[in-house]
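Have a look at the structure below before the remarks.
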Amino acid sequence: MPELPELETLCDQLRQVVLGAEILETQALDSNLINVTGLEGRTVRSVNRRGKQLEIQLDDGRILLLHLRMTGRLLWQNGDGLPPQYARFVVSFPKGRIFLIDPRRFATLSVRKEDRSPFEGSDLLEDFDPSHLWGISQKSRLPVKSFLMDQRHIAGVGNIYACEILHQAHISPWRKACDLSLAEWEKIGGITGTILKKAIACRGTTISDWHDLFGREGEYQNHLLVYGRGGEGCFECGGEIQRQKLNGRGTYFCPSCQK
Numbered sequence: 183m184p185e186l187p188e189l190e191t192l193c194d195q196l197r198q199v200v201l202g203a204e205i206l207e208t209q210a211l212d213s214n215l216i217n218v219t220g221l222e223g224r225t226v227r228s229v230n231r232r233g234k235q236l237e238i239q240l241d242d243g244r245i246l247l248l249h250l251r252m253t254g255r256l257l258w259q260n261g262d263g264l265p266p267q268y269a270r271f272v273v274s275f276p277k278g279r280i281f282l283i284d285p286r287r288f289a290t291l292s293v294r295k296e297d298r299s300p301f302e303g304s305d306l307l308e309d310f311d312p313s314h315l316w317g318i319s320q321k322s323r324l325p326v327k328s329f330l331m332d333q334r335h336i337a338g339v340g341n342i343y344a345c346e347i348l349h350q351a352h353i354s355p356w357r358k359a360c361d362l363s364l365a366e367w368e369k370i371g372g373i374t375g376t377i378l379k380k381a382i383a384c385r386g387t388t389i390s391d392w393h394d395l396f397g398r399e400g401e402y403q404n405h406l407l408v409y410g411r412g413g414e415g416c417f418e419c420g421g422e423i424q425r426q427k428l429n430g431r432g433t434y435f436c437p438s439c440q441k
């Protein structure tokens, strides 16, 4: 599933090609997807991210909302041409088209009126507050990894980056969120910012489906320390990286480093 760095990459690239551009046509290519209509003639005013959701704001105040879910991605195509495989939706502009590609067909698309209500979860790039999260975590007996991935608390972190964050923080994914100290949450905050900013600079992490707006793979997979490295040696201590299921998700960690 695309996480915060992948969504930030898309936002930046979308701004390059559609900001200020007029929508010429929209078309649903999948009967299971809601056909978003009435956008023709509208101009893109801004492109933003809210958690794991893309928001394309139009000049009439409406917002096109897109959640990529498990395997969704966007692809920019200059000029005409056949729709790519697994394309479910297309938006046409004067200089090209954007396709929603989604092999598993889980992505969702909708339009709503302008809404200034704040996102409930803390955004790790904008308003990460260790004291606030420490306070919330005192009421949670979730494993800390599950807490990090709960979008009600923290926006944009999924399985890959949660594994990486906790490894660099030397914290076991199985520890209860309520057992972490304020100092440990401050450590998580600093490490999270460093990891996510580097991942954004690398245009995200490509493990299977992720490609950026122009069809290129990300590069942060070349910097992963634990995720996908089960059975290999830990770069810090030399111990064996393990993979176990935690709440149904494959979780990579070093038992020696992460207590």
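As numbered in my numbering, the sequence shown has no gaps in its residue numbers, which increase by one up to the final residue, 441. Glycine included, every Cβ here is placed at the ideal spot set by N, Cα and C. Source: prediction; values computed, not measured.
(request) Quick one: which unbroken alpha helix (DSSP H) runs of 4-plus residues sit fully inside the region 267–306? Chain order, please. (result) none
(request) Determine the closest residue to residue 290 out of 200, 274 and 247, with distance taken between C-alpha atoms. (result) 247
(message) Can you find the residues in the same chain that come closer than 7 Å, C-beta to C-beta, to residue 327, ignoring five residues on each side of it along the sequence?
(response) 344, 348, 355, 428 and 433
(message) I need the boundaries of the beta strand (DSSP E) containing residue 246, first residue and last residue.
(response) 245–249
(message) Quick check on residue 228: does DSSP put it in helix, strand or coil?
(response) strand
(request) Evaluate residue 404 with the Cβ neighbour count: other Cβ atoms within 10 Å of its Cβ, from every protein chain shown; 16 or more gives buried, anything less gives exposed. (result) exposed
(request) Scan the region 333–419 and note each continuous alpha helix (DSSP H) run of 4 residues or more that stays entirely inside, going in chain order. (result) 341–350 and 364–383
(request) For residue 211, collect the residues of the same chain with a Cβ closer than 7 Å to its Cβ; drop the 5 residues on either side in sequence, then sort them by chain order. (result) 265, 269, 270, 271 and 272
(request) Enumerate in chain order the residues of its own chain whose CB-to-CB distance from residue 423 is below 8 Å, with the five nearest sequence positions on each side excluded. (result) 408, 411, 412, 413, 414, 415, 416, 434, 435 and 436
(message) Mapping the DSSP letters down to three states, classify residue 317 as helix, strand or coil.
(response) helix
(request) For residue 203, I'd like the list of residues in its chain whose CB is within less than 6 Å of its CB, leaving aside the five on either flank, ordered along the chain. (result) 226 and 275
(request) Please name the residue, chosen from 254, 311 and 263, that lies closest to residue 365 on a Cα-to-Cα basis. (result) 311
(message) Beta-carbon within less than 6 Å of residue 217's beta-carbon, same chain only, minus the 5 sequence neighbours each way: which residues are those?
(response) 210
(request) Drop a sphere of 10 angstroms on the beta-carbon of residue 419, count the other beta-carbons inside from all chains shown, and report buried for 16 or more, exposed for fewer. (result) exposed
(message) Measuring straight from C-alpha to C-alpha, what distance separates residue 179 and residue 421?
(response) Lying outside 183 to 441, the shown extent of the chain, residue 179 is not represented and no answer is given.
(message) One question on the structure: do residue 191 and residue 342 come within less than 8 Å of each other, judged by their Cβ atoms?
(response) no
(request) Please list, in chain order, all residues of the same chain as residue 293 whose beta carbon is under 6 Å from its beta carbon, the five residues on each side excluded. (result) 218, 244 and 246
(request) Would you check if the distance between the CB atom of residue 184 and the CB atom of residue 257 is smaller than 8 Å? (result) no
(message) Measuring alpha carbon to alpha carbon, tell me which residue in 230, 260, 261 and 288 is nearest residue 254.
(response) 288
(request) Have a look at 340, 296, 280 and 195 and flag the residue whose alpha-carbon is nearest the alpha-carbon of residue 431. (result) 340
(message) Can you give me the C-alpha to C-alpha distance between residue 315 and residue 338, rounded to a whole angstrom?
(response) 15 Å
(request) State the DSSP-derived secondary structure class of residue 325, mapped to helix, strand or coil. (result) strand
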